[in-house]
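Trainee: For the sequence shown, numbering that gives the first Met the number 0 gives the first residue as 0, with consecutive numbering after it.
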Amino acid sequence: MTKHRLLLVDGSSYLYRAFHAMPDLRNGAGEPTGAIYGSPMPEDLVKQIEPIHAMVKALGWPVLMVSGVEADDVIGTLACQATEAGWETIISTGDKDLAQLVNPSVTLINTMTDEKLDIPGVIAKFGVPPERIVDYLSII
0 MTKHRLLLVD GSSYLYRAFH AMPDLRNGAG EPTGAIYGSP MPEDLVKQIE PIHAMVKALG
60 WPVLMVSGVE ADDVIGTLAC QATEAGWETI ISTGDKDLAQ LVNPSVTLIN TMTDEKLDIP
120 GVIAKFGVPP ERIVDYLSII
């Protein structure tokens, strides 16, 4: 029997990092494009989200946003549902808060640092198992 695999990409994590990675960038019409390439001007970020979503959709990837719900909460819900259904889940993120989701079926990857976190990886990095990440992050 083939095991199903779900890939969840924390676009907010990567968007935020890209947005702050480079100086202000604009296209020929003067519109901000820094989040596509990286930029330090937060007031321009909102104008860039829809074009980025359009590019992701054009590549054939679905974009899921839930109004009033943070991306990490959506990702956490989907990862838990996938685990309950017996799926393997890979979460691509730079957000350490999501390490609490790691279990035998859920692995984190961070493409910015080429880091993979399974249960032993979480323990090696943070000194606590995934189920203690919330406690750990509340005291550091």
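For every residue, glycine included, the Cβ atom is placed at its ideal position computed from N, Cα and C. Note that this is a predicted model, so its numbers are computed, not measured.
Rounded to whole angstroms, what's the CA-CA distance from E114 to L100? Just pull it up for me.
Mentor: Looking up residue 114 in the sequence shown gives position 115. Looking up residue 100 in the sequence shown gives position 101. Looking at the two C-alpha atoms, the distance is approximately 16 Å.
Trainee: So what does DSSP say about T110, is it helix, strand or coil?
Mentor: Taking the sequence shown and counting its residues from 1, one reaches residue 110 at position 111. The answer is coil: DSSP assigns T110 none of H, G, I, E or B.
Trainee: Does the distance from the CB of V62 to the CB of K56 come in under 8 Å?
Mentor: The residue given as residue 62 occupies position 63 in the sequence shown. The residue given as residue 56 occupies position 57 in the sequence shown. Yes, the pair counts as a contact, with Cβ atoms nearer than the cut-off.
Trainee: Between which two residues does the alpha helix (DSSP H) carrying R16 extend?
Mentor: To locate residue 16, count along the sequence shown from 1; it is residue 17. 10-18 is the extent of the alpha helix (DSSP H) around R16.
Trainee: Just to check my reading of the structure: G75 and Y13 have Cβ atoms closer than 8 Å, yes? What is that Cβ distance to the nearest angstrom?
Mentor: The count along the sequence shown starts at 1 and reaches residue 75 at position 76. The count along the sequence shown starts at 1 and reaches residue 13 at position 14. Actually they are not in contact, since the Cβ atoms of G75 and Y13 sit about 17 Å apart, beyond 8 Å.
Trainee: Cβ atoms of S91 and D9: under 8 Å apart, would you say?
Mentor: Residue numbering aside, residue 9 sits at position 10 when the sequence shown is read from its first letter. Residue numbering aside, residue 91 sits at position 92 when the sequence shown is read from its first letter. Yes, these two residues count as a Cβ contact at 8 Å.
Trainee: Label P119 either buried or exposed according to how many other C-beta atoms from any shown protein chain fall within 10 Å of its C-beta, with 16 as the threshold for buried.
Mentor: Taking the first residue of the sequence shown as 1, we reach residue 119 at position 120. Flag for P119 reads exposed.
Trainee: Using the Cα positions of E83 and R25, report the straight-line distance between them to the nearest angstrom.
Mentor: Along the sequence shown, read from residue 1 onward, the residue named residue 83 stands at position 84. Along the sequence shown, read from residue 1 onward, the residue named residue 25 stands at position 26. So the alpha carbons of these two residues sit roughly 45 Å apart.
Trainee: Tell me the DSSP secondary structure of T76 in three-state form.
Mentor: What you label residue 76 is simply residue 77 of the sequence shown in a count that begins at 1. Here T76 sits in helix by DSSP.
Trainee: Go to E87, then tell me how far its alpha helix (DSSP H) extends in each direction, as first and last residue.
Mentor: Position 88 of the sequence shown, counting from 1, holds the residue named residue 87. Premise fails: E87 lies in the beta strand (DSSP E), 87-91, not in any alpha helix (DSSP H).
Trainee: CB L7 to CB L77, shorter than 8 Å?
Mentor: Looking up residue 7 in the sequence shown gives position 8. Looking up residue 77 in the sequence shown gives position 78. Cβ atoms of L7 and L77: closer than 8 Å.
Trainee: Just list the residues that DSSP pairs M102 with in beta bridges.
Mentor: Along the sequence shown, read from residue 1 onward, the residue named residue 102 stands at position 103. Looking at the sequence provided, one finds Asn at residue 102 rather than Met. Partner(s): V105.
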